[in-house]
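A.B. asks: In our numbering, the protein residues as written are 194 to 296.
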């Protein structure tokens, strides 16, 4: 049961795409596309330990939970880039930089 404060509330995921489209139409559309497919394309284990953080040009910055994950994902980088680009039907991502960070 919802309390009165949450009645009529909208999840941020339902608002964010429209706001970004309105105020930053091109800059963040690639990032939104990546966020939408990330978990499905990389799988549950990677998704728990790595999150897209920024998209600059065709370089994707991904924050990971530890240096061990940075090392592990370096071996999977080409496969992840290929999966993203195949899913988008275009070469949106050319490279990924993995960095330890919080998400």
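Idealized CB from N, CA, C, for every residue including glycine.
Taking all protein chains shown into account, do 16 or more other C-beta atoms lie within 10 angstroms of the C-beta of residue 229, making it buried, or fewer, making it exposed?
C.D. replies: Locating residue 229 in the chain shown gives position 36, where the first residue counts as 1. So residue 229 counts as exposed.
A.B. asks: Would you mind stating whether residue 253 and residue 286 have Cβ atoms separated by less than 8 Å?
C.D. replies: Numbered from its first residue, the chain shown carries residue 253 at position 60. Numbered from its first residue, the chain shown carries residue 286 at position 93. Yes.
A.B. asks: Would you say residue 245 reaches chain B, if we count a Cβ-Cβ gap shorter than 8 Å as a contact?
C.D. replies: Of the protein chains in the structure, only one exists, and it is not chain B.
A.B. asks: Count the other C-beta atoms from every protein chain shown that fall within 10 angstroms of the C-beta of residue 225, then say buried if there are 16 or more, exposed otherwise.
C.D. replies: The count along the chain shown starts at 1 and reaches residue 225 at position 32. So residue 225 ends up on the exposed side.
A.B. asks: Quick one, which of 274, 202, 284, 283 has its alpha-carbon nearest residue 245's?
C.D. replies: The residue you call residue 245 lines up with position 52 of the chain shown. Residue 245 has its Cα closest to that of 274, out of 274, 202, 284, 283.
A.B. asks: Measuring alpha carbon to alpha carbon, tell me which residue in 250, 234, 262, 249 is nearest residue 242.
C.D. replies: Sequence index remark: in the chain shown, residue 242 carries index 49 (1-based). Of 250, 234, 262, 249, the residue nearest in Cα terms is 262.
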